[in-house]
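Chains as they are written, first to last, in the numbering used here: chain A, 3 to 324; chain B, 6 to 290.
Shown next as C-alpha cells:
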C-alpha cells in the first residue's frame, strides 16, 4: 500500500486558502461521510442480523445449529438443514467448477489460437456478468428435466440396494435437488473464476514463461511449476471469491434445490440453503420467532461469507476489481 | 525387452503427459463453452418466442389473462435510476475520500477493506438489512426501500473504480491546480474528476449492469406489484421479482412472460457490458 506522498494526494496543500476555500471542509466532510456510510452499512448488516436473530438463538440454543426440525406451525426452528445445505452445495459447486475454470483459463492463455483468444476471453467475461436468475430459470426449465431423465433415473437404477451408492444417490428423481443446485451454481461461478484466473495469468511477465520454455519445459511443466506458483496466492484468493459467490447465491439455487428443510438424505434429495430459505419464507413470515430464526440464519451466512471473503481479499490484495 | 525402454523413456513420458494436458484443457474449454452456449440458446429461443408488442404495452396479467410486462419494466427502470442516483453520489464521494483525503491510516484501510467485502457480499443480506431499517419502521414494502437496497449493492463498485481511477491520475495535475491557487476541492471537482470521468463512468455502468438483474434484495424491500404504480412508498412491480414469481408458477403464459423478462434483462446487461468494453477500448486508443 503506497503512502500519501507517493500517490501524489493533495493533503500537504490543504491548509492554503483561496476563493471557494470555505467549502473545502464541507466537501472534505461530505467525502468522509460517504466513506463512513459504507462502513456503517456493513456494521449495520452485522449488528441488525445479530440482534434480530438473537431471540431465536437464545431460545433454541445450540439446537438451532444441530436440529433439523424447522416447523413454522409449532414455532420450533433448527437450522442444521439449510446451514449444511449451503456448505454442501457450495463445496460441490467449487469442486465441479474449479478444475474446468482452471483448465479453461490455461487454455486461453497458453494454447488457444491467437485469433480466438480475444473473442473467447470476452465471451467468458460477459457470461460472468449474466444475472443469476437467468441461470436459475435455465436450471428449472431446461437442465432439471434432462438431468432427471438422463442422469438421475439411470444412476438410481444402477446403484444396487444396500451399497453406499444407493445411500449417496437416494432421493426422488424429479430433477431438482442438492446435486442439481450444485451443478447450476458451478455453471454460474465457472465464467467468474475462469475470467479472474485468466486475468491473473495475463499479469505474469512474458519472460518468466519464456525462461521456462527456454530451459526446455513442456507447456504442462511450465504451467505447473512456473506460472501457477507465480500467482498461487492470488489464485487461491480468486477461488475463495468464487466460493463466496456460491455461498451467498440465492436465485440460481432457489429454483432447483426443492426447498425442504430436512437434512438431504442423498445427492438427488431435495434440500435448502440459507439464502433460499430466507428468499422463500421471509416475506410471508408472520410470527416473531419465525422472522428471528430467519435473521439468525442470515447472521450465520454473514459470518461464513465474511470469513471467506476477508480471506480472499487478504490473499488477492487490492489490485483486482473482480 | 529391448524395444520397450525407448517407448517409456523420460522424453516420451513428458511428451505424453503434455499432450494429455493440452487435450484436457481444450476439452474443458469446449465443454464450458457448450454449456454456456446452451444457456444463451434456450434464453434466446424461449425469450424471443415469447416477446411481442404486448410485452411492452400491457401490464402483468392475472393467471390465464393476456398481458405484458410494462409495469415491471418501468418499475425496474425507476428502481435502478433511483438507486444509481444515490450510489453514484455515495460512490464517487467515498472513492474520492479514499484516494485524495484519507491519510492511509487504519480508518482508511478499514473502509477500503469493508468496501471490498461489500462488493461481493451476499445480496440477500443487504435485502434483510434494508428490510430492518426501511421496511419495518414504515410498516410497508416500498420503492424507496428497494432503491436503497440496490444502491448499497452498486455503491461499492463505484467507490472502487473511482478510487482506482483517481490514483492513476498524474501528480502533476494536482500540482497544476495547487499552482493556480485553487482550493483542493475545486481541483478535485474541476480537474481530477474531469480527467477521470471516463473511468468513473465505466464503474457506474458496471454497477448499473450488476443491479439491473439483482433479485434477492428486492424480494422483501420493494416486493412486487401486479399493477402499475409509481408511488415511492408502495410496493412496485419490477422485472426480477416478476420473473421469479412467474417462472415458479404453474401457468404457461406466465412462464412465457418470465422468459421474455429474462431475455430483456440479459440483453440490457450484455449491452451495458459491451458498451463498457467499447468505451474503455476507445479510451486506451
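Heads up, the beta-carbon is just placed ideally off N, CA and C, and yes, glycines get one too.
Just so you know, these numbers come straight off a predicted model, no measurement behind them.
Burial check for residue 87 of chain B: the Cβ neighbour count within 10 Å reaches 16 or more, so the residue is buried.
The alpha-carbon separation between residue 301 of chain A and residue 28 of chain B amounts to approximately 45 angstroms. Burial state of residue 152 of chain A is exposed, judged by a 10 Å Cβ sphere holding fewer than 16 other Cβ atoms.
The beta-carbon separation of residue 249 of chain B and residue 135 of chain A, rounded to 7 angstroms, stays under the 8 angstroms limit for a contact. Neighbourhood of residue 147 of chain B in chain A, by CB distance below 8 angstroms: empty, with the nearest CB roughly 13 angstroms away. Between residue 307 of chain A and residue 243 of chain A, the beta carbon gap of about 11 angstroms keeps them out of contact (Cβ cut-off 8 angstroms). Counting along the chain, residue 111 of chain B sits inside the alpha helix (DSSP H) bounded by residues 111–124.
In the three-state reduction of the DSSP assignment, residue 233 of chain B falls in the coil class.
The beta carbon of residue 140 of chain A sits closer than 8 angstroms to some beta carbon of chain B. In the three-state reduction of the DSSP assignment, residue 63 of chain A falls in the coil class, being assigned neither a helical nor a strand state.
Judged by DSSP secondary structure, residue 221 of chain A falls within the alpha helix (DSSP H) whose first and last residues are 221–224. For residue 260 of chain A, the secondary structure class from DSSP, reduced to helix, strand or coil, is strand. Taking a Cβ-Cβ cut-off of 8 angstroms, the neighbours of residue 277 of chain A in chain B comprise 127, 129 and 221, given in sequence order. The straight-line gap separating the alpha-carbon atoms of residue 236 of chain B and residue 63 of chain A is approximately 43 angstroms. Judged by pairs of C-beta atoms under 8 angstroms, the stretch 178–198 of chain B does not touch the stretch 215–233 of chain B, as fewer than three such pairs exist. Counting only runs of at least 4 residues, the stretch 60–140 of chain A fully encloses the following alpha helix (DSSP H) elements, listed from N- to C-terminal order: 65–68, 82–108, 116–129 and 134–140. Here DSSP, grouped into helix, strand and coil, assigns residue 171 of chain A to coil.
CA-to-CA, the gap between residue 99 of chain B and residue 126 of chain B works out to about 18 angstroms. Between the alpha carbons of residue 187 of chain A and residue 137 of chain A lies a gap of roughly 8 angstroms.
Taking the Cβ atoms as the reference, residue 104 of chain B lies roughly 39 angstroms from residue 247 of chain B, outside the contact range of under 8 angstroms. Remark: C-beta atoms of residue 147 of chain B and residue 67 of chain B do not approach each other more closely than 8 angstroms. Within chain A, the residues whose beta carbon sits less than 7 angstroms from that of residue 102 of chain B are 33, 34, 36 and 37, listed in sequence order.
Taking 8 angstroms as the CB threshold, residue 247 of chain A lines the interface with chain B. Here residue 165 of chain B is not near residue 220 of chain A, since their CB atoms are 8 angstroms or more apart.
B:93 is the residue among B:93, B:113 and B:176 whose C-alpha sits nearest the C-alpha of residue 159 of chain B.
When 8 angstroms is used as the limit between beta carbons, residue 300 of chain A is near these residues of chain B: 129, 130 and 133, in chain order. When secondary structure is reduced to three states using DSSP, residue 186 of chain B falls in the coil class, being assigned neither helix nor strand.
The DSSP-derived three-state label of residue 13 of chain B is coil. Taken atom to atom, the span from the alpha-carbon of residue 135 of chain B to that of residue 217 of chain A is near 58 angstroms. Judged by beta-carbon spacing, residue 161 of chain A lies within the 8 angstroms limit of residue 167 of chain A, meaning their Cβ atoms are closer than that value. Nearest to residue 227 of chain A by alpha-carbon distance, out of A:210, A:236 and A:303, is A:210. Among the residues facing chain A, residue 142 of chain B is not included, as its CB has no counterpart in that chain under 8 angstroms away. Between residue 226 of chain B and residue 154 of chain B, the C-beta gap is smaller than 8 angstroms, which places the two residues in contact.
Close to residue 221 of chain A, with beta-carbon spacing below 8 angstroms, are these residues of chain B in chain order: 23, 26 and 27. Annotation: residue 145 of chain A to residue 262 of chain B spans about 19 angstroms, alpha carbon to alpha carbon. Look at residue 57 of chain A: its C-beta is not under 8 angstroms from any C-beta on chain B.
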